[in-house]
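Data block below; observations after.
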Amino acid sequence: MGPIGENELFFLLQGLKWTVLLAIIGFVGGGVFGILIALVRTSKNGFARFVSSGYIALFQGTPLLMQLFVVYYGVALLGVDVNAWIAVAIAFTLHASAFLGEIWRGSIEAVPKGQTEAANALGLHYISRMKDVVLPQALKISMPATIGFLVQLIKGTSLAAIVGFIELTRAGQIISNQTYRPLLVFGIVGMVYFIICWPLSHIGSGLEKRMAKAVR
Amino acid sequence: MGYTFDFGAVFDRAPELFWGSLGTLGLAVAGMILALAIGILGVAARTSKNKLVRSPAIAFVEIVRNTPFLVQIFFIYFALPLMGIRLNPTATAVIALGINGGAYAIEIIRGGVESVNKGQVEAGFALGLHKADVFRLIVLKPALRAIYPSLTSQFVMLTLTTSVCTSIAAYELTSAAQRIESDTFRSFEVYFSVTAIYLVISSLMMGIFALISRYYFNYPTR
Chain A
1 MGPIGENELF FLLQGLKWTV LLAIIGFVGG GVFGILIALV RTSKNGFARF VSSGYIALFQ
61 GTPLLMQLFV VYYGVALLGV DVNAWIAVAI AFTLHASAFL GEIWRGSIEA VPKGQTEAAN
121 ALGLHYISRM KDVVLPQALK ISMPATIGFL VQLIKGTSLA AIVGFIELTR AGQIISNQTY
181 RPLLVFGIVG MVYFIICWPL SHIGSGLEKR MAKAVR
Chain B
1 MGYTFDFGAV FDRAPELFWG SLGTLGLAVA GMILALAIGI LGVAARTSKN KLVRSPAIAF
61 VEIVRNTPFL VQIFFIYFAL PLMGIRLNPT ATAVIALGIN GGAYAIEIIR GGVESVNKGQ
121 VEAGFALGLH KADVFRLIVL KPALRAIYPS LTSQFVMLTL TTSVCTSIAA YELTSAAQRI
181 ESDTFRSFEV YFSVTAIYLV ISSLMMGIFA LISRYYFNYP TR
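Protein chains in written order, with full-length UniProt numbering: chain A, 1 to 216; chain B, 1 to 222.
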């Protein structure tokens with residue numbers, strides 16, 4: 001058994017850096033594409049709706065781990081020489097866009113119809129109706145679920161460890177193998193995830209309760 | 001790009017994928033049963049008036065829901081032997097899945113129990129309904145209907161989560177895929193096909209759950 005010293009903690013910290021970066025990239029990238037998917041899902045074009053709901057069903061109906069593998073090896077097949085980190089980032093972006101798209105579709109549909117009708121009556125065109133009337137309200141409605149998904153995404157980045165990407169969990173695995181202290185190391189790793197995720201979960205459920213009260 | 005797809009290599013190993021799929025379903029069903037048991041017991045603890053009972057239940061839910069399943073399964077995989085419990089990877093995976101799913105089940109079931117309207121229970125008694133009928137018709141069925149969508153989608157999610165159990169070499173679909181991949185080097189073809197199999201499994205589950213709900217909860221809501 002080896003001690004857990006400064007070097008080990010520093011290594012974990014470096015892994016944490018990649019965990020946070022992956023989560024941010026997945027969330028921001030997924031947010032941008034997710035908005036598009038939500039808009040397509042709520043559009044009038046039947047074919048576009050069909051394609052986007054297929055996209056969502058695909059990502060919600062398969063394991064995140066498989067998505068990582070398929071994108072990881074799929075990107076390599078395209079002949080572009082990208083490193084593991086970009087492949088993993090693409091996979092998380094695709095994954096997050098499907099889930100955020102579905103969450104935001106629900107929120108857009110939850111905005112009372114009268115709002116859209118009023119915007120139409122005022123002569124607003126689609127972009128202004130969405131940007132100024134519907135989306136700001138939808139965003140507020142979606143906050144608890146969006147934060148909830150962010151927590152899922154942060155936890156999900158741990159799966160990048162299985163494709164060999166060194167983030168927090170993989171760093172923990174490596175140190176555990178070196179020091180033979182799996183319980184201590186995975187205890188620390190779990191605690192770090194908890195420290196990041198728990199406040200977010202708390203904010204999410206707080207918002208949810210506040211909104212439930214507002215509706216009542 | 002000069003790459004030729006070869007799904008034949010995957011087809012040759014179809015029996016392994018079939019048994020792997022059964023392994024996945026086995027893990028999922030066993031995990032679900034354990035998760036439901038933990039969920040039901042947990043709700044009793046979570047809603048207890050005794051703080052010494054309630055606090056550990058709350059802590060359990062918060063810790064499990066705010067840490068990754070992969071870290072949980074590693075922790076359990078290495079912790080159990082230290083407590084003198086030596087289990088094979090499959091049993092360890094079921095325990096990990098049950099604990100993870102259980103924490104979510106506690107919150108879902110609690111929501112259902114709390115959604116039952118007390119006034120309706122009183123109304124049931126006032127109408128002269130038998131105690132068993134009040135429980136069955138006014139408490140249980142509406143509560144079940146309230147939690148059914150989230151509970152079943154949690155089950156589908158648990159089934160997809162079983163893929164992570166490959167990390168401790170439990171026998172399931174993803175571990176079968178990894179074996180085939182390391183033998184054939186057809187990485188993309190293998191994972192593409194296996195992803196399709198997962199999609200079929202989860203779609204079938206969702207379809208069956210929807211049919212059950214249509215048959216069992218087919219009375220109007222309002």
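All residues carry an ideal CB built from backbone N, CA and C; glycine is no exception.
Just so we're clear, the structure is a prediction, and the values are computed from it rather than from any experiment.
Separation of B:S150 and B:I109 (C-alpha to C-alpha, rounded to the nearest whole angstrom) is 9 Å. Straight across, the Cα-Cα distance linking B:H130 with B:I73 is about 46 Å. B:F155 is the residue among B:F155, B:V194, B:L127, B:T166 whose C-alpha sits nearest the C-alpha of B:A35. Within the stretch 195-206 of chain B, T195, Y198, L199, S202, S203, M206 place their CB atoms closer than 8 Å to a CB of chain A, listed in sequence order. Taking 8 Å as the threshold, the shortest C-beta distance from B:V43 to chain A does not fall below it. Fewer than three beta-carbon pairs drawn from the stretch 128-144 of chain B and the stretch 95-106 of chain B are found closer than 8 Å, and the two stretches are therefore not classed as touching.
A straight line joining the alpha-carbon of A:N45 with that of A:I147 spans about 30 Å.
Listed in chain order, the positions of the stretch 75-90 of chain B with a beta carbon within less than 7 Å of a beta carbon of chain A are F75, F78, A79, L82. With 16 or more neighbouring CB atoms inside 10 Å of its own CB, A:Y72 falls in the buried class. Only residues of its own chain outside the window of five on either side were considered, and among them none has a CB closer than 7 Å to the CB of B:G119. Sequence-distant partners of A:S158 (beyond 5 residues in either direction) whose C-beta falls short of 8 Å from its own C-beta, in its chain, are T19, E167, L168, T169, Y193. Only T174, S187, F188, Y191, F192, V194, T195, Y198 from the stretch 173-198 of chain B bring a Cβ to less than 7 Å from some Cβ of chain A. Sixteen is the threshold: when 16 or more other Cβ atoms of the shown chains lie within 10 Å of the Cβ of B:G23, as they do, the residue is buried. In the three-state reduction of the DSSP assignment, A:E109 falls in the helix class, which pools H, G and I.
DSSP, read as helix, strand or coil, puts B:R86 in coil. Look at the beta carbons and you see the stretch 8-27 of chain B touching the stretch 172-182 of chain B: at least three pairs across the two are nearer than 8 Å. The C-alpha of A:I175 lies about 10 Å from the C-alpha of A:F186. Residue contact with chain A for B:S55: absent (no Cβ-Cβ distance below 8 Å to any residue of chain A). Counting of Cβ neighbours within 10 angstroms places B:S202 among the buried residues, the total reaching 16 or more.
With respect to chain A, the C-beta atom of B:L160 has a partner C-beta closer than 8 Å. Contact check for A:I37 and A:G101: beta-carbon distance about 3 Å, within the 8 Å limit, so the pair qualifies. For the pair A:G29 and A:T93, the CB atoms are nearer than the 8 Å cut-off. Under a criterion of Cβ atoms nearer than 7 Å, the residues of chain B adjacent to A:G190 are, in order, T67, V71, F75. For a Cβ distance threshold of 8 Å, residue set L70, V164, T166, S167 of chain B lies close to A:I162, ordered along the chain. Between B:G31 and B:L211, the CB-CB gap reaches or exceeds 8 Å. Pairing B:L70 with A:A91 gives a Cβ-Cβ distance that is not under 8 Å. In the same chain as B:I180, and ignoring 5 residues on each side of it, the C-beta atoms closer than 6 Å to its own belong to R13, V190, in chain order. Residue burial is scored here from C-beta neighbours: A:H95 has at least 16 other C-beta atoms within 10 angstroms and is therefore classed as buried. The three-state secondary structure of A:E167, taken from DSSP, is coil.
Taking 8 Å as the cut-off, the Cβ atoms of B:I168 and B:A79 do not count as close. Within the stretch 1-81 of chain A, the complete alpha helix (DSSP H) segments at least 4 residues long are 6-41, 46-60, 64-77, listed from N- to C-terminus. For B:A170, the three-state secondary structure derived from DSSP is coil. Sorting B:A91, B:S213, B:F185, B:N218 by C-alpha distance to the C-alpha of B:T4 places B:F185 at the top.
The DSSP-derived three-state label of B:S48 is coil. In this chain, the alpha helix (DSSP H) harbouring A:P144 covers 135-156. Listed along chain A are W198, each with a C-beta nearer than 7 Å to that of B:E62.
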